[in-house]
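Chains as they are written, first to last, in my numbering: chain A, 92 to 415; chain B, 349 to 940.
Input: a single structure, listed below in structure tokens.
Here it is, written out as structure tokens:
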């Protein structure tokens with residue numbers, strides 16, 4: 092496109108070009124804005140119904156009452172989140188007992204011991220663990236793991252129980268721990284390892300005494316992310332853990348510290364925050380009722396908890412990262 | 349660590365305990381494979397249940413092993429052309445047989461019966477499948493193997509895409525598509541072709557406006573016009589012919605005019621003949637759907653055949669589909685002739701083509717499969733457009749500093765946080781916003797697709813950003829130096845280079861969407877529907893929803909049969925999608 096003037100138009104800014112550029116730029120910006128709008132929409136949706144819920148049910152009752160029955164037959168709804176929190180904690184802690192040690196050891200193996208060949212096989216296989224649909228894990232827990240545990244270790248286990256669900260949640264979150272921890276361990280400079288060897292340390296001592304402490308912030312942030320993932324996990328627990336909001340009997344030790352018998356929550360059915368939401372959604376969705384709003388209050392709780400944990404994990408990864 | 353447990357030496361100074369190190373290494377190795385092993389065992393059991401392998405007689409297994417598996421392994425070994433590999437494969441197959449038999453017998457005697465597993469199945473899963481997988485991988489590296497697998501892949505992939513297209517027309521109005529295609533797509537393509545051949549940039553600029561005007565015109569005309577050609581002709585004109593033309597153009601770019609005509613024309617002619625002929629003769633095989641499937645599977649196959657013959661290497665690999673088909677037929681024939689008791693698999697034609705039922709033997713997944721295909725198609729379009737646009741904006745259009753830089757960082761942090769929000773919360777968003785506030789209805793395709801698109805959007809964006817970032821800056825600078833505008837650089841340089849990576853990331857994210865269940869429950873998707881959906885606003889189900897519904901059934905036939913079959917179907921589709929994504933990535937890495 093040459094002009095009739097002497098000098099060529101180096102900018103090539105004809106009206107059409109400028110219009111095209113502007114249209115595309117605007118379109119891309121609008122699409123990017125959708126991601127921000129999503130966050131705003133999530134918060135607005137959760138808050139608007141949760142506010143209605145808290146107008147009906149006092150926050151105190153929601154946080155401290157131990158009984159959860161949104162749709163009782165005879166009337167008298169109660170909305171106490173404590174039983175649900177206990178269910179969620181049961182699953183999260185048990186899953187953490189599986190995912191955190193296994194994930195950390197996996198990360199150490201991948202970063203310190205594995206040959207590049209073994210790594211190229213193991214890493215995609217581990218990713219598969221995170222890619223299996225969670226409803227499939229739930230089905231596995233219900234149909235294979237529970238009967239197997241019942242036949243071998245815990246004959247008194249009920250069909251729906253927290254243990255097999257938690258084991259599956261744990262297996263699912265292994266790759267989350269291992270991949271982030273491994274990234275952190277691989278970022279540890281080789282100089283540190285060589286210095287360790289120079290002092291006469293064995294490979295084991297270098298791995299556990301140098302690499303792990305040097306990458307502890309990455310490991311910690313991976314733990315938090317995995318736990319937050321376990322808190323929000325829904326389908327595994329919905330399918331395998333049943334849907335009974337049970338408040339376990341709380342005993343007291345000599346010093347007056349309350350405790351709960353682990354077998355009491357692990358081998359029985361229970362209900363997590365997510366299960367409670369799914370259960371309400373299975374019944375009534377038209378809106379305007381207290382259980383409907385309660386669903387959003389639970390969602391808000393979940394959102395706040397996972398959001399805080401993610402921010403925390405970011406801060407830990409940022410602030411305590413060793414700069415090499 | 350110094351040890352002083354040593355026997356003869358003084359103090360043992362300088363000695364290092366190897367035991368602890370070795371124990372730790374094996375402990376961490378064990379941890380690495382723990383999850384994988386647990387999942388593998390569960391997958392083995394679900395496979396056994398879905399295919400009723402526990403009731404497969406040894407003769408049945410042996411028959412198919414000899415007619416199907418052995419020829420296939422032979423093909424792989426022939427393709428790999430590696431004597432050492434052949435020797436190793438035979439050793440593993442033979443030694444594995446002995447090892448499995450010994451270990452299995454020991455376990456059965458000393459530990460106890462392993463439920464639903466016999467030594468033949470143990471051999472199949474512990475040796476047979478890993479060995480087949482490894483040899484397939486090695487065989488694919490040889491020329492005949494890569495040709496054979498390429499052909500099989502195109503046949504299967506083309507059929508799957510063709511079937512998915514016919515399924516989409518259950519909810520999308522074919523007549524509206526006919527109008528939009530005729531008024532929008534065809535003129536726009538012609539304008540592009542004219543601009544490309546004659547080098548008229550204005551014509552190419554006009555492509556998008558022409559397409560939009562044509563589509564709008566189609567939407568306006570649809571209620572007015574009420575005479576349309578029959579479905580066969582609509583599909584022929586809007587799907588089969590463009591696919592054939594595209595195939596012919598691909599071949600024409602490489603070879604002569606005659607071969608190009610043949611590559612496009614022959615599959616088109618076959619598809620038209622079967623489609624029209626079947627409909628005229630009233631046969632079950634023909635009809636519009638057969639036309640689409642044959643054209644969509646046939647044209648890429650023809651193009652591929654042309655390329656293989658053109659290159660002239662590994663042509664013998666083209667016999668692989670024949671080998672497999674003959675093997676399967678021979679196996680069936682032997683089983684039939686000798687009356688060998690065959691297992692009765694839950695994954696069967698009835699299961700894939702029938703509606704759910706209260707009776708386990710009649711239960712099917714068809715409406716749920718249709719629902720999943722439609723949802724995935726819509727999520728793919730939405731999340732691809734939004735994801736690419738957002739990542740282009742973040743990578744190409746923003747600055748690192750100033751107000752824009754701060755805004756970019758905010759967007760970036762926000763995207764990372766969105767990726768970590770539990771899916772059930774997205775379900776609440778869909779319920780509150782799309783279903784109740786905007787009135788798209790509970791559990792309709794529109795609500796579900798919008799919700800799932802937002803759910804996987806962060807993953808799509810992050811992977812697309814990585815793909816765009818990996819485009820070397822030199823290319824951008826080169827384009828800028830030639831006077832290209834930002835959009836021209838993006839369109840001509842960045843997006844083509846990053847495209848395979850973006851596509852891979854999007855498909856992997858779609859794999860996440862296809863298995864999501866919790867958001868579907870929250871927006872009120874139906875657990876069970878008995879007929880495939882007829883519009884975008886009718887009640888929907890999806891495969892994971894149906895699995896969830898069936899898992900609650902107390903009967904053993906459902907728990908161990910029907911649900912297992914559903915899980916296998918879902919996983920096979922998932923593996924197919926992820927496998928495609930990984931192949932695309934590998935090819936792009938090899939190409940660049």
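We put the CB at the ideal spot given by N, CA and C, even for glycine.
This one's a predicted model, so the numbers in the text were calculated from it and none came from an experiment.
In chain B, what lies closer than 9 Å to residue 234 (chain A) by C-beta? Residues of chain B with a Cβ closer than 9 Å to the Cβ of residue 234 (chain A) are, in chain order, 393, 394, 397, 899, 907, 908, 911, 912.
Hey, could you find the ends of the alpha helix (DSSP H) residue 745 (chain B) is sitting in? For residue 745 (chain B), there is no enclosing alpha helix (DSSP H), since its DSSP letter is neither H nor E.
Excluding sequence positions up to five away, which residues of its chain have a Cβ less than 7 Å from the Cβ of residue 937 (chain B)? Here the set comprises nothing.
For residue 314 (chain A), which residues does DSSP report across the bridge? Paired residues: none, contrary to the question.
Would residue 712 (chain B) and residue 730 (chain B) qualify as a contact pair, given that the criterion is a beta-carbon distance under 8 Å? Contact: no.
Measuring straight from C-alpha to C-alpha, what distance separates residue 155 (chain A) and residue 401 (chain A)? Distance between residue 155 (chain A) and residue 401 (chain A), taken at the CA atoms: about 25 Å.
Please list the terminal residues of the continuous beta strand (DSSP E) segment that includes residue 341 (chain A). Residue 341 (chain A) -> beta strand (DSSP E) spans 341-343.
Does the distance from the CB of residue 755 (chain B) to the CB of residue 649 (chain B) come in under 8 Å? No; because the gap between Cβ atoms is not below 8 Å, this pair is not in contact.
Nearest to residue 704 (chain B) by alpha carbon, out of B:898, B:486, B:927? Comparing alpha carbon positions, the residue from B:898, B:486, B:927 closest to residue 704 (chain B) is B:898.
In the DSSP assignment, the alpha helix (DSSP H) including residue 544 (chain B) goes from what residue to what residue? Run containing residue 544 (chain B): 534-546, per the alpha helix (DSSP H) assignment.
Is it true that the CB of residue 340 (chain A) sits closer than 8 Å to the CB of residue 253 (chain A)? No, they are not a contact pair.
Going by C-alpha to C-alpha distance, which of B:737, B:869, B:503, B:908 sits closest to residue 116 (chain A)? Nearest C-alpha to residue 116 (chain A): B:737.
Which bits of chain A does residue 372 (chain B) rub up against, with CB to CB less than 7 Å? Going along chain A in sequence order, the residues near residue 372 (chain B) (Cβ under 7 Å) are 295.
Can you give the Cα-Cα distance for residue 948 (chain B) and residue 393 (chain B), rounded to whole angstroms? Summary: the structure shown does not reach residue 948 (chain B), with chain B confined to residues 349 through 940, and so no result is reported for it.
Tell me, please, whether the CB atom of residue 129 (chain A) is closer than 8 Å to any CB atom in chain B? Yes - at least one Cβ of chain B is within 8 Å of the one on residue 129 (chain A).
Helix, strand or coil at residue 350 (chain A) according to DSSP, with G and I counted as helix: Residue 350 (chain A) carries a strand assignment under DSSP once its states are collapsed to helix, strand and coil.
Using the C-alpha atoms, what's the distance from residue 522 (chain B) back to residue 427 (chain B)? In a straight line, the C-alpha of residue 427 (chain B) is about 45 Å away from that of residue 522 (chain B).
Skipping 5 residues on each side, what residues in its chain have a beta carbon closer than 8 Å to that of residue 229 (chain A)? If we look at residue 229 (chain A) and ignore the five residues flanking it on each side, its Cβ neighbours are 256, 259, 326, 327, 328, 329, 330, 331.
Option in B:391, B:388, B:397, B:389 with minimal Cα separation from residue 693 (chain B): Nearest C-alpha to residue 693 (chain B) among B:391, B:388, B:397, B:389: B:397.
Start-to-end residues for the alpha helix (DSSP H) that takes in residue 806 (chain B): For residue 806 (chain B), the uninterrupted alpha helix (DSSP H) segment begins and ends at 793-817.
Closer than 8 Å is the cut-off here; do at least three beta carbon pairs connect the region 412-424 of chain B with the region 656-663 of chain B? Taking 8 Å as the limit for Cβ pairs, the verdict is that the region 656-663 of chain B does not touch the region 412-424 of chain B.
Under a three-way DSSP split, which group does residue 145 (chain A) fall into? Residue state, collapsed to three classes: helix.
Report the option in B:791, B:884, B:616 whose CA atom is closest to the CA atom of residue 520 (chain B). Ranking B:791, B:884, B:616 by Cα distance to residue 520 (chain B) puts B:884 first.
Sequence-distant residues of the same chain with beta carbon closer than 6 Å to residue 905 (chain B), five excluded per side: Around residue 905 (chain B): 708.
Residue-level contact to chain A via CB, residue 478 (chain B), 8 Å cutoff: At a cut-off of 8 Å between C-beta atoms, residue 478 (chain B) does not count as an interface residue with respect to chain A.
Where are the alpha helix (DSSP H) runs, 4 residues long or more, that stay fully inside the region 650-708 of chain B, in chain order? Those alpha helix (DSSP H) runs which fall completely within the region 650-708 of chain B and span 4+ residues are 668-685, 697-701.
Between which residues of its own chain and residue 857 (chain B) is the CB-CB distance below 6 Å, once the five residues before and five after are set aside? Cβ neighbours of residue 857 (chain B) beyond the five flanking positions: 804, 807, 808.
Nearest chain A C-beta to residue 889 (chain B) closer than 8 Å, yes or no? Interface residue (Cβ-Cβ distance to chain A less than 8 Å): residue 889 (chain B) is not classified as such.
Evaluate the contact criterion for the region 873-890 of chain B versus the region 846-853 of chain B: three or more CB pairs, one atom per stretch, below 8 Å. Contact annotation: the region 873-890 of chain B does not touch the region 846-853 of chain B, with fewer than three C-beta pairs closer than 8 Å.
For residue 741 (chain B), decide whether its Cβ has a neighbour in chain A, counting only Cβ atoms nearer than 8 Å. Residue 741 (chain B) counts as touching chain A.
Inter-residue spacing [alpha-carbon to alpha-carbon] between residue 374 (chain A) and residue 640 (chain B): Across the structure, residue 374 (chain A) and residue 640 (chain B) are spaced so that their CA atoms are roughly 41 Å apart.
Output needed in chain order: residues of the region 543-564 of chain B with a Cβ under 7 Å from some Cβ in chain A. Residues passing the 7 Å Cβ filter: 553.
Does any CB atom of chain B fall closer than 8 Å to the CB of residue 401 (chain A)? With 8 Å as the cut-off, residue 401 (chain A) counts as an interface residue toward chain B.
Count the other C-beta atoms from every protein chain shown that fall within 10 angstroms of the C-beta of residue 76 (chain A), then say buried if there are 16 or more, exposed otherwise. With chain A represented from 92 up to 415, any question about residue 76 (chain A) goes unanswered, as that position is not in the structure.
Proximal residues to residue 558 (chain B) (C-beta, below 8 Å), its chain only, five neighbours per side dropped: Result list for residue 558 (chain B): 532, 535, 536, 539, in chain order.
Rounded to whole angstroms, what is the Cα-Cα separation between residue 821 (chain B) and residue 837 (chain B)? Computed Cα separation, rounded: 11 Å.
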